[in-house]
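Heads up: the structure comes next, in structure tokens.
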Amino acid sequence: MTDGEMFEALWARAKAEGLNHACYFGGYPPHEEGLEGRFDPDPWRNGTGPQIWLYRVPCPEPRDEPVVDGPYVSRELRVFAHEYGHFRSWVEQSNGATRTWQAYFQAGTLLGKSPGSLSGDQKQLIMMEEERAWDIARDVLSEIGFSNWQELKSHREHALGIYREKMGMDGSGRDA
Ligand SMILES: [Zn+2]
176 MTDGEMFEAL WARAKAEGLN HACYFGGYPP HEEGLEGRFD PDPWRNGTGP
226 QIWLYRVPCP EPRDEPVVDG PYVSRELRVF AHEYGHFRSW VEQSNGATRT
276 WQAYFQAGTL LGKSPGSLSG DQKQLIMMEE ERAWDIARDV LSEIGFSNWQ
326 ELKSHREHAL GIYREKMGMD GSGRDA
């Protein structure tokens with residue numbers, strides 16, 4: 176399968192597994208390589224359900240279909256697979272009802288607002304969830320025929336590095 180075909184297949188699979196909505200989102204410059212997606216179990220806090228957003232400026236139209244050709248397809252396949260990983264992690268943790276997910280989600284919200292006030296445990300929870308999402312991405316990509324593992328590994332390392340940097344951790348995961 177081409178990257179575009181895998182992207183389309185994974186997008187459809189996420190929807191079939193209960194993702195309420197997947198779409199592009201244009202209003203979020205500047206791009207940060209490795210951080211161009213978002214999973215939220217209920218972005219509007221009104222019970223709508225889980226969504227995956229891919230950030231791209233300008234925003235493609237239609238917003239709610241994967242763009243399966245052009246220069247960004249392999250990157251967006253990796254980003255989408257990672258966000259799918261968060262989605263599956265949420266599903267596997269009883270749709271976010273476990274204490275671990277709740278604690279993680281609280282930490283993630285704090286990361287967006289006030290990263291300096293995260294505790295060491297909260298930083299670990301965030302890193303563990305990020306790594307789990309990349310592990311799930313690897314597994315699902317493997318299932319659908321992906322083979323560019325070096326590219327996925329660099330993307331993963333880069334994205335995890337951005338989290339460590341934002342949270343003031345060194346490469347070992349300890350507080351710097
Ligand atoms: Zn993530």
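Per the working numbering, the sequence shown starts with residue 176, numbered consecutively. Note that CB positions come from ideal geometry on N, CA and C, so glycine has one too.
>> Distance check for residue 311 and residue 259, CA to CA, integer angstroms please.
In response: For the purposes of this step, residue 259 is taken as residue 84 along the sequence shown, with counting starting at 1. For the purposes of this step, residue 311 is taken as residue 136 along the sequence shown, with counting starting at 1. The straight-line gap separating the alpha-carbon atoms of residue 259 and residue 311 is approximately 8 Å.
> Is it true that the CB of residue 262 sits closer than 9 Å to the CB of residue 227?
Replying inline: Reading the sequence shown from its first residue, position 52 is the one you call residue 227. Reading the sequence shown from its first residue, position 87 is the one you call residue 262. In contact: residue 227 and residue 262 (Cβ atoms closer than 9 Å).
>> Taking DSSP's pairing of strands, which residues face residue 280 in a bridge?
In response: For the purposes of this step, residue 280 is taken as residue 105 along the sequence shown, with counting starting at 1. Beta-bridge partners assigned by DSSP to residue 280: none are found.
>> Could you give the first and the last residue of the continuous alpha helix (DSSP H) run that contains residue 295?
In response: Translated into positions along the sequence shown, residue 295 becomes position 120. Start and end: 295-318.
> Mind checking residue 248: buried by the 16 CB within 10 Å criterion, or exposed?
Replying inline: Looking up residue 248 in the sequence shown gives position 73. Classification of residue 248: buried, given that the 10 Å Cβ count is 16 or more.
>> I'd like the list of long-range same chain contacts for residue 308, defined as Cβ closer than 7 Å, with 5 residues on each side in sequence excluded.
In response: Position 133 of the sequence shown, counted from the start, is the residue given in the question as residue 308. Excluding positions up to five away in sequence, the list reads 257, 260, 261 and 264.
> Cβ of residue 257 versus every heavy atom of ligand 1: is any distance shorter than 8 Å?
Replying inline: Taking the first residue of the sequence shown as position 1, residue 257 is located at position 82. It does: the Cβ of residue 257 is within 8 Å (strictly closer) of some heavy atom of ligand 1.
> Apart from the five residues just before and just after residue 182, which ones in its own chain have a Cβ nearer than 7 Å to its Cβ?
Replying inline: Taking the first residue of the sequence shown as position 1, residue 182 is located at position 7. Here residue 182 has 241, 243, 248, 251, 252 and 255 as same chain residues with Cβ atoms under 7 Å from its own Cβ, once five neighbours each way along the sequence are excluded.
> From residue 246 to residue 234, what does the alpha carbon distance come to, in whole angstroms?
Replying inline: For this step, residue 246 is matched to residue 71 along the sequence shown. For this step, residue 234 is matched to residue 59 along the sequence shown. Rounded to the nearest angstrom, the two C-alpha atoms are 14 Å apart.
>> For residue 273 and residue 297, I'd like the C-alpha separation in whole angstroms.
In response: Position 98 of the sequence shown holds residue 273. Position 122 of the sequence shown holds residue 297. If I take the Cα positions, the gap works out to 15 Å.
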